[in-house]
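Participant:
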Amino acid sequence: MFINNDFSNNENSSSTRKRSIGFSRSCWKKKSIFFELEYWKKLHVRHCLDVMHIEKNVCMNLLGTLLDIPGKTKDGLQSRRDLEQLGIRPELVPKVVGNRTYIPPACYTLSKSEKRTVCQSLSKMNVPEGYSSNIKTLVSIDTLKLTGLKSHDCHVLMQQLLSVAIRGALPKHAKERDQNDDIGRPSSAASHIRPEKEQLMQAHLYVLENTNDVQPYIEKHMDHLKKIYSSKAKHLKWLQDKHNQCVISWIRSQVATELESPNNTISDTLRWISHGPSPSVITYSSYVMNGIRYNTEHRDGVRNVQNSGVYMFSSEYDADI
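Numbering of the sequence shown is given in UniProt numbering, commencing with residue 1 and proceeding in unit increments.
Have a look at this one:
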């Protein structure tokens, strides 16, 4: 059934052209990933998702993985074998040593003492009345587990308490923000920015090209390009552009392959540099380094004094400096 609404004011129009009425293409072109959920077809109101229970499931999976609770962890042997089948994170795939299978520790793997530290931190927390359940009664120091958590308890843990409890188990470089005190100190407020992908690649390429540990890989990649593109090897500009495009991913795969060997000589510097920079960058508009204050162009332009472009002459051994 169609309803044709004609709101024309010209009732005596002599035009005989008829409006065509028919089906038009649907404007919905994207299928939501929610349709992949097993229980999606059973929901009567499909836009009504139970956020609290979803958050509880995420919280229980996270706690089970961090505390390595049997039957609750998502970082078991089968999960590591899935990484091997997908061809990702080769440093985490299971290793067969003799008759045993060894699972390499990940960055989130906690030792027994670290698990005890997390549980002890939770057991000593006192929350306001009506804020949540008494967390200390839900923690077992002996079995290193959390039991009897309700949906609201999981919400409180995910939003506030877990980040405080796990702080004592984190390494120093993770729990304490590096202020580069050995280089200088900021004299302005910090701001977080997320550079564009192209800017991150340029910064990453600059660091790779100027790090001594990476130079053998740079030369090896250039030789690799000259072999597979022998007809274009004489065009230095094209060769350099091609090198800049793919050297980052090539070095990352080379380092990951070498890390699979138990007797590899990959340094920590090379390992972290090959992984790439953080997408979040802290910037300052003013910085003091070696007793000299440096300002950005924008900050210098809005101040009453000017620090850029200031220089002085001196002489040494009858030569101007």
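We put the beta carbon where it would ideally sit given N, CA and C, even for glycine.
#1: Rounded to whole angstroms, what's the CA-CA distance from Val288 to Val281? Just pull it up for me.
#2: Please report the residue range of the beta strand (DSSP E) in which Ser286 lies.
#3: Around the Cβ of Asn212, are there at least 16 other Cβ atoms within 10 angstroms (buried) or fewer (exposed)?
#4: Checking 9 Å against the spacing of the C-beta atoms, do Ser191 and Tyr284 come in under that value?
#5: Could you give the residue range of the beta strand (DSSP E) that holds Ser191?
#6: When DSSP builds the beta bridges, which residues end up paired with Val97?
#7: Mind checking which residues open and close the alpha helix (DSSP H) that includes Ile54?
#8: Take every Cβ of the stretch 76-94, pair it with every Cβ of the stretch 117-135, and state whether three or more of those distances are shorter than 8 Å.
#9: Looking at Ser140: is its Cβ nearer than 9 Å to the Cβ of Asp153?
#10: For Val255, which residues from the same chain have a beta carbon less than 7 Å from its beta carbon, with the 5 sequence-adjacent residues on both sides left out?
#11: Hey, could you find the ends of the beta strand (DSSP E) Arg293 is sitting in?
#12: According to DSSP, which residues form a beta bridge with residue 332?
#13: If you reduce the DSSP assignment to three classes, tell me which class Thr283 lands in.
#14: Rounded to a whole number of angstroms, what is the C-alpha to C-alpha distance between Ser8 and Glu36?
#15: Is the CB-CB distance between Pro104 and Val93 below 9 Å?
#16: Taking Asn126 as part of the alpha helix (DSSP H), name the residues at either end of that continuous run.
#17: Along the chain, where does the alpha helix (DSSP H) that runs through Ile88 open and close?
#18: Quick check: what's the CA-CA separation for Tyr39 versus Glu129?
#19: Taking only the alpha-carbon atoms, compute the straight-line gap between Arg293 and Arg299 and give it to the nearest angstrom.
#20: Ignoring anything shorter than 4 residues or poking outside the stretch 243-286, list the alpha helix (DSSP H) runs there in chain order.
#21: Could you spell out the range, first to last residue, of the alpha helix (DSSP H) harbouring Ala165?
#22: Can you grab the Cα-Cα spacing for the pair Leu161 / Ser113, in whole Å?
#23: Taking C-alpha atoms, which residue in Phe34, Leu83, Lys226 and Thr296 lies nearest to Ala106?
#24: Short of 6 Å in beta carbon distance, which residues of its chain neighbour Lys232, apart from the five on each side in sequence? Order them along the chain.
#25: With Ile251 and Tyr217 assumed to form a contact (beta carbons below 8 Å), what rounded beta-carbon distance in angstroms separates them?
#26: For Ser230 and Arg81, what's the separation of their Cα atoms in angstroms?
#27: Would the C-beta of Gln254 count as close to the ligand SAH, meaning under 8 Å from any of its heavy atoms?
#28: Assign His44 to buried or exposed, taking buried as 16 or more other Cβ atoms, counted over all protein chains shown, within 10 Å of its Cβ.
Facilitator: Per the coordinate set shown:
#1: 19 Å
#2: Ser286 to Met289
#3: Result: exposed.
#4: yes
#5: Where Ser191 is concerned, the enclosing beta strand (DSSP E) stretches over Ser191 to Ile193.
#6: Arg100
#7: Val51 to Leu66 is the span of the alpha helix (DSSP H), which, as asked, contains Ile54.
#8: no
#9: No, they are not a contact pair.
#10: Excluding sequence positions up to five before and after Val255, its CB lies within less than 7 Å of the CB of Ile266, Leu270, Arg271 and Ser274, all in the same chain and listed in chain order.
#11: Ile292 to Asn295
#12: Summary: the structure shown does not reach residue 332, with the chain confined to residues 1 through 321, and so no result is reported for it.
#13: strand
#14: Here Ser8 scores only 49 on pLDDT, less than 50, and its place in the model is too uncertain to base an answer on.
#15: Going by beta carbons, Pro104 and Val93 fall inside the 9 Å limit.
#16: Per DSSP, Asn126 belongs to no alpha helix (DSSP H) and is neither H nor E.
#17: It is not in any alpha helix (DSSP H) - Ile88 carries neither H nor E in the DSSP assignment.
#18: 37 Å
#19: 12 Å
#20: 268-275
#21: Leu162 to Ala165
#22: Each residue's Cα considered, the two are about 19 Å apart.
#23: Leu83
#24: Excluding residues within five positions, the ones whose Cβ falls inside 6 Å are Trp238.
#25: 5 Å
#26: As the crow flies, the alpha-carbon of Ser230 is around 39 Å from that of Arg81.
#27: With respect to the ligand SAH, the structure offers nothing, as it holds no ligand at all.
#28: exposed
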